[in-house]
Amino acid sequence: MKKLSRNSFNRASKFILDKGRPLEGEILKKYFYNDENKKVLNELENFLNNDGGFGNGLEGDFRLPLSSPMATTVAFQHLINCENEEKAMEIIKSGIKYFENTFDSKRNGWLVVPKEVNDYPHAPWWHYIPKKDMTIIDRNWGNPSAEIIAYLYRYKNFVQKIDVDKLLNYAIAYFNSKEKFEAENEIYCYIRLYNLLSDNLAKKIENKLILGVKQVLCYKKEEWDNYVPTPLDFIESPNAYRFDISNGLIEENLNFLIEKLESHGKIEPAWNWHNLKSIIDPDWNWNTYDSEWKKAKTEWTGVLTLKALVSLDKFNRIELYSEIN
1 MKKLSRNSFN RASKFILDKG RPLEGEILKK YFYNDENKKV LNELENFLNN
51 DGGFGNGLEG DFRLPLSSPM ATTVAFQHLI NCENEEKAME IIKSGIKYFE
101 NTFDSKRNGW LVVPKEVNDY PHAPWWHYIP KKDMTIIDRN WGNPSAEIIA
151 YLYRYKNFVQ KIDVDKLLNY AIAYFNSKEK FEAENEIYCY IRLYNLLSDN
201 LAKKIENKLI LGVKQVLCYK KEEWDNYVPT PLDFIESPNA YRFDISNGLI
251 EENLNFLIEK LESHGKIEPA WNWHNLKSII DPDWNWNTYD SEWKKAKTEW
301 TGVLTLKALV SLDKFNRIEL YSEIN
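The sequence shown begins at 1 in the UniProt record's numbering and counts up by one.
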C-alpha cells in the first residue's frame, strides 16, 4: 500500500503553516498534534460578524465582509468538530439565529449570498445576477439549504422560529423528486444532511444519493487534475457510507493525492476567477481581480492541502509524522 512519506507530509504541513491561513494552520495542529480546539475557535471568530453569521472571506472565492448563508455553513463545518467547547456552542447558537433570520419563505430555503457580494472581489459563479435575483449556484435549491437544515436538525434546541421537521420533509421530497443530477455541490450538502440525520430519516435519501453520485462522479483518474468531483469528495473516512463507490476507485484516489503531494508538496485549486464571466453575466463590467485571486489561490491551496492530509490520515495512508518544530 502506497503511503505519503514523512518528508512529504512535513513539506505539505510547512506550506499550510507558512503560507496558508492561520485557521487551517490551527486545524492542522489540532488534528495531527492534539492542539486545542480553542485556538481553532479563536481563528474562526475572525470571520464572525455581529449578526451571528460569517463572512470576511471565509469562503475564499468571495471576499464579502458581510455575512452570508454560504460562508456560515463553512463555519459550521468546523464548529461541529468543536462541540465539546462551551464557546463553540455559543457561536453555534448565534449562527442558528442567523440562519433563522435569513430564511427566505418564498424560496422555502436560503440563497447562497446577498446581492452585496458584487461590491467586492468574487469569482464569477458567486456573482449576483440582478435579472435573475440570484447567483447561478442558486439554481439548485439544496446548496446550501439542505446543509443548513442539517444544522437546524442537529441543534434543534436552539431553533425558535422555523419548523425544522416540516422543512426537513420538504428537503427530502425535493431531493427524491429529482431524476437528473448535475451539481455535485448540492450532493455534498445532502451528504452532510445524510450524515447528521437519524438512520431512518437518512434511509429516505440514500437511494437518490447513490444515483446522484453515480451521475456526477468523475471516474477517470486522468481528469482529476481538473475541477471535477472525485471519490474522496463524497467519502470522508473508511467508516462513511460509500454510495456504491468501489474500494478500488477510492484507493486510486488516495494514490492520486499521494502522488500530487510527493511531486508538488501541496494541492492547488483546479479553477480560477477568469472563467465563465461573459456566460454568467454579459452585462456586468467585470474586474479581473488579479491580486485578490492570487491571494485566494494561496488560501485555497492551504485548504485543499489540509483536506488531502486529513483524508490520507483517516485511510491510514501517511507514514508516522514527526513533531512540528
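Every residue, glycine too, gets a C-beta built ideally from N, C-alpha and C.
Exercise for review: Note down the Cα distance separating Trp274 from Gly60, rounded to an integer number of angstroms.
Suggested key: Your numbering for residue 274 matches position 274 in the sequence shown. Your numbering for residue 60 matches position 60 in the sequence shown. Note that residue 274 corresponds to His in the displayed sequence, not to Trp. If you take the alpha carbons of His274 and Gly60, they lie about 15 Å apart.
Review point. Using 8 Å as the Cβ pair cut-off and three pairs as the minimum, do the segment 151 to 164 and the segment 117 to 129 touch?
Key: no
Exercise for review: Provide the residue(s) that pair with Leu4 in DSSP beta bridges, ordered along the chain.
Suggested key: By one-based count along the sequence shown, residue 4 stands at place 4. Its beta-bridge partners are Ile318.
Point to revise | Glu179, enclosing alpha helix (DSSP H) - first and last residue | key: For the purposes of this step, residue 179 is identified with residue 179 of the sequence shown, where counting begins at 1. Segment: none, Glu179 is in no alpha helix (DSSP H) and carries neither H nor E.
Review point. Excluding sequence positions up to five away, which residues of its chain have a Cβ less than 7 Å from the Cβ of Leu58?
Key: Translated into the one-based positions of the sequence shown, residue 58 becomes position 58. If the five residues before and after Leu58 are omitted, its C-beta is found closer than 7 Å to the C-beta atoms of Phe47, Ala71, Val74 and Ala75, all from its own chain and listed in chain order.
**Study point:** Three-state secondary structure (DSSP) of Asn325
**Key:** Against the sequence shown, residue 325 aligns to sequence position 325. Low confidence applies to Asn325: its pLDDT is 49, below 50, so where it sits in the model is not reliable, and the reading given next is rough at best. Here Asn325 sits in coil by DSSP.
Review point. Is Phe54 helix, strand or coil by DSSP?
Key: Along the sequence shown, one-based indexing puts residue 54 at 54. Note: Phe54 maps to strand in three-state DSSP.
Review point. CA-CA distance, Leu257 and Pro121?
Key: Translated into the one-based positions of the sequence shown, residue 257 becomes position 257. Translated into the one-based positions of the sequence shown, residue 121 becomes position 121. C-alpha separation (whole angstroms): 30 Å.
Check your understanding: What residues are listed by DSSP as bridge partners for Leu48?
Key -> For this step, residue 48 is matched to residue 48 along the sequence shown. Assignment of beta-bridge partners to Leu48 by DSSP yields Phe54.
**Study point:** Per DSSP, cross-strand counterpart(s) of Ser145
**Key:** For the purposes of this step, residue 145 is identified with residue 145 of the sequence shown, where counting begins at 1. DSSP, once it has assigned bridges, lists no residue as partnering Ser145.
**Study point:** Alpha-carbon to alpha-carbon, Lys39 and Glu83
**Key:** Counting from one through the sequence shown, the residue named residue 83 turns up at place 83. Counting from one through the sequence shown, the residue named residue 39 turns up at place 39. Their Cα atoms are separated by approximately 14 Å.
Check your understanding: DSSP state of Phe234, grouped into three classes?
Key -> As a position in the sequence shown, residue 234 is number 234, starting the count at 1. Residue state, collapsed to three classes: coil.
Check your understanding: Is Gly109 helix, strand or coil by DSSP?
Key -> Taking the first residue of the sequence shown as 1, we reach residue 109 at position 109. Looking at Gly109 - three-state DSSP - the assignment turns out to be strand.
Practice item. Compute the distance between the beta-carbons of Ser67 and Asn42, then report whether it is under 7 Å. Key: On the sequence shown, position 67 is the one that residue 67 refers to. On the sequence shown, position 42 is the one that residue 42 refers to. Against a cut-off of 7 Å, the Cβ pair of Asn42 and Ser67 comes out as no contact.
Review point. Is Ser198 helix, strand or coil when you go by DSSP?
Key: Position 198 of the sequence shown holds residue 198. Ser198 falls in the coil class under three-state DSSP.
Check your understanding: For Ser68, which beta-bridge partners are listed by DSSP?
Key -> Looking up residue 68 in the sequence shown gives position 68. DSSP output for Ser68 lists Phe54 as bridge partner(s).
Exercise for review: Run the CB neighbour count on Glu184, radius 10 Å, all protein chains shown included, and call it buried at 16 or more, exposed below.
Suggested key: For the purposes of this step, residue 184 is taken as the residue at position 184 of the sequence shown. Buried, by the Cβ-count rule.
**Study point:** Presumed contact (8 Å Cβ cut-off) between Thr298 and Ile16, rounded CB distance
**Key:** Taking the first residue of the sequence shown as 1, we reach residue 298 at position 298. Taking the first residue of the sequence shown as 1, we reach residue 16 at position 16. That pair is no contact at about 11 Å.
Point to revise | Neighbour-count burial assignment, Asn140, 16 or more Cβ in a 10 Å radius | key: Locating residue 140 in the sequence shown gives position 140, where the first residue counts as 1. Using a 10 angstroms sphere on the CB of Asn140, the tally of other CB atoms reaches 16 or more, which defines it as buried.
Review point. Exposed or buried, Gly248, counting other C-beta atoms within 10 Å across all chains shown (16 or more means buried)?
Key: By 1-based counting over the sequence shown, the position of residue 248 is 248. So Gly248 ends up on the exposed side.
Review point. Given a threshold of 16 other Cβ atoms within 10 Å of its Cβ, counted over all protein chains shown, does Asp233 qualify as buried or as exposed?
Key: By one-based count along the sequence shown, residue 233 stands at place 233. Under the 10 Å beta carbon count, Asp233 is surrounded by 16 or more other beta carbons and is classified as buried.
**Study point:** Run of the alpha helix (DSSP H) containing residue 348, from where it starts to where it stops
**Key:** Beyond the ends of the chain as shown, which are 1 and 325, falls residue 348; an answer cannot be given.
Check your understanding: Whose CA, out of Ala146, Met89 and Tyr155, lies closest to the CA of Tyr174?
Key -> For the purposes of this step, residue 174 is taken as residue 174 along the sequence shown, with counting starting at 1. It is Ala146.
Point to revise | Cβ-Cβ separation, Glu268 to Thr301 (assumed contact under 8 Å), whole Å | key: Here residue 301 refers to the residue found at position 301 of the sequence shown. Here residue 268 refers to the residue found at position 268 of the sequence shown. At roughly 5 Å, the Cβ-Cβ gap stays under 8 Å, so Thr301 and Glu268 are in contact.
Check your understanding: Do three or more CB pairs link the segment 147 to 157 to the segment 176 to 193 at distances below 8 Å?
Key -> yes
Point to revise | Distance between Lys14 and Leu64 (C-alpha atoms, nearest Å) | key: Here residue 64 is taken as the residue at index 64 of the sequence shown, counted from 1. Here residue 14 is taken as the residue at index 14 of the sequence shown, counted from 1. Rounded to whole angstroms, Leu64 to Lys14 spans 28 Å at the Cα level.
Practice item. Can you have a look at Ala270 and say buried or exposed, based on whether 16 or more other CB atoms are within 10 angstroms of its CB? Key: Taking the first residue of the sequence shown as 1, we reach residue 270 at position 270. Counting Cβ neighbours within 10 Å, Ala270 comes out exposed, since fewer than 16 surround it.
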